[in-house]
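*Asks:* Here the sequence shown stands for residues 83 to 313, where the numbers follow our numbering.
We treat Cβ as the ideally placed atom computed from N, Cα and C, and that holds for glycine.
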Amino acid sequence: MRLHSFEHVPFEDLTNIGVWARNRGYVVSHTRWYENDSPPPLSSVDWLVVMGGPMNIYEEDRYPWLAREKTFIADAIAGGKLVLGVCLGAQLIADVLGGPVSRNQFKEIGWFPVSLTASAIDSPLLVGLPPEFIAFHWHGDTFQTPPGAVPIASSRGCANQAFIYRNRVAGLQFHLESTPDSVSRLIRHCGGELVEAPFIQSPAEMLAPVDFFLEIERIMTRLLDNMAQEA
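In structure tokens:
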């Protein structure tokens, strides 16, 4: 399996997704858009993982590579590749599938519960996942579920947390790949967003719950294993 990641800033990389892939003997490669990398030929990719970033999907004037990235994502989906999007990555997938992306009522930053929807029960990608779990969040935008996709998760702060499209494409607004180190990097680079608000935690609250990191790694592993079976 050849897994390729799209990365938008140096402080949001594959983290535990990369560990999972390498442990299974996958070939892992990257396009780092912030370094003006060019994407590989689509034929060299089996699984595309689109990571997060602080930019908005419509900021093509500031980040002209966004247009090329969206085209590649659309081609990957049309070509039957496995595609996983995290946070900004999920918003980019939603956009190319026709699901509008806009500012969410609340910013969600920290550990908050996510509940699977009734529609999620039938998805083979979600076998073995708990009906509710605590996930890590860092986002201010949200997406509407794209046409033809199934909404699979929600939270109090954000109604549309995740979707699945044709059981080969998944978009997650929340982060299951996070580690204490990756959260520390987000705090260091995006700490200006940490103001008092209903769904924003302090750095201490985000880094303290070691058990939460272990649990999201377990959930992520199950989700990725399920997706791999679809290949």
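Where are the beta strand (DSSP E) runs, 3 residues long or more, that stay fully inside the stretch 199-283, in chain order?
*Replies:* Whole beta strand (DSSP E) segments, 3+ residues: 214-225, 232-236, 244-247, 251-254.
*Asks:* Can you tell which of GLU278, ILE155, GLY134 has the C-alpha that lies nearest to the C-alpha of PHE218?
*Replies:* Ranking GLU278, ILE155, GLY134 by Cα distance to PHE218 puts GLY134 first.
*Asks:* Exposed or buried, what is GLU312 when buried is set at 16 or more other beta-carbons lying within 10 Å of its beta-carbon?
*Replies:* Exposed, since its Cβ has fewer than 16 Cβ neighbours within 10 Å.
*Asks:* Rounded to whole angstroms, what is the Cα-Cα separation between VAL178 and HIS86?
*Replies:* Those two C-alpha atoms are separated by around 19 Å.
*Asks:* In whole angstroms, what is the alpha-carbon distance linking PRO228 and ALA244?
*Replies:* Distance between the alpha carbons of PRO228 and ALA244: 11 Å.
*Asks:* So who's on the other strand from TRP129, going by DSSP bridges?
*Replies:* Paired residue(s): LEU85, LEU164.
*Asks:* Can you look up PRO182 in the DSSP assignment and give me helix, strand or coil?
*Replies:* Reduced to three states, the DSSP call for PRO182 is coil.
*Asks:* Do ALA310 and MET83 have their beta-carbon atoms positioned less than 8 Å apart in this structure?
*Replies:* Their beta carbons are under 8 Å apart, which means MET83 touches ALA310 by this criterion.
*Asks:* Can you list, in chain order, the residues of its chain whose CB lies under 7 Å from that of ARG267, leaving out five sequence neighbours each side?
*Replies:* Within the same chain, ARG267 has close Cβ partners PHE93.
*Asks:* Between the beta-carbon of LEU208 and the beta-carbon of ILE234, is there less than 8 Å?
*Replies:* Against a cut-off of 8 Å, the Cβ pair of ILE234 and LEU208 comes out as a contact.
*Asks:* Return the CA-CA distance between GLU89 and VAL251, expressed in angstroms with no decimal places.
*Replies:* About 18 Å.
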